[in-house]
Amino acid sequence: ARLNKQQLKGIVECVDLTVAAYPIPRNLRERLENILLPRLYEIKDVLDTDKSLPNNLGIFLSS
Numbered sequence: 002a003r004l005n006k007q008q009l010k011g012i013v014e015c016v017d018l019t020v021a022a023y024p025i026p027r028n029l030r031e032r033l034e035n036i037l038l039p040r041l042y043e044i045k046d047v048l049d050t051d052k053s054l055p056n057n058l059g060i061f062l063s064s
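If you number the sequence shown the way this note's numbering does, the last residue is 64 and the count never jumps.
(1) At which residues does the alpha helix (DSSP H) containing E43 begin and terminate?
(2) My output table needs one value for G59: the three-state DSSP class, helix, strand or coil.
(3) Using the Cα positions of G51 and I36, report the straight-line distance between them to the nearest angstrom.
(4) Give me the residue from D49, Q8 and R32 with the minimum Cα distance to T19.
(5) Pick helix, strand or coil for I25, following the three-state DSSP scheme.
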């Protein structure tokens, strides 16, 4: 399934919350590795094609 803009915002927020919740419990870490991280390639593709997207969604993406 293709990543839509609302999913992108949700994933970024999820990553932010996860980083703030360190240390990450093992079961959550496994879910992140298996579900969330594979979507990062898709996020990169979306951002490479639409550079204005972070501003439009009101998100900050670190490099």
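In this text, a Cβ means the ideal position worked out from N, Cα and C, and glycines have one as well.
Per the coordinate set shown:
(1) Along the sequence shown, one-based indexing puts residue 43 at 42. Where E43 is concerned, the enclosing alpha helix (DSSP H) stretches over L38 to T50.
(2) Start at 1 with the first residue of the sequence shown, and residue 59 comes out as number 58. Reduced to three states, the DSSP call for G59 is coil.
(3) Residue numbering aside, residue 51 sits at position 50 when the sequence shown is read from its first letter. Residue numbering aside, residue 36 sits at position 35 when the sequence shown is read from its first letter. According to the sequence displayed, residue 51 carries Asp and not Gly. Using only the alpha carbons, I get a separation of about 24 Å.
(4) Here residue 19 refers to the residue found at position 18 of the sequence shown. It is R32 whose Cα lies nearest to the Cα of T19.
(5) Walking along the sequence shown from the start, residue 25 turns up at place 24. I25: coil per DSSP, three-state reduction.
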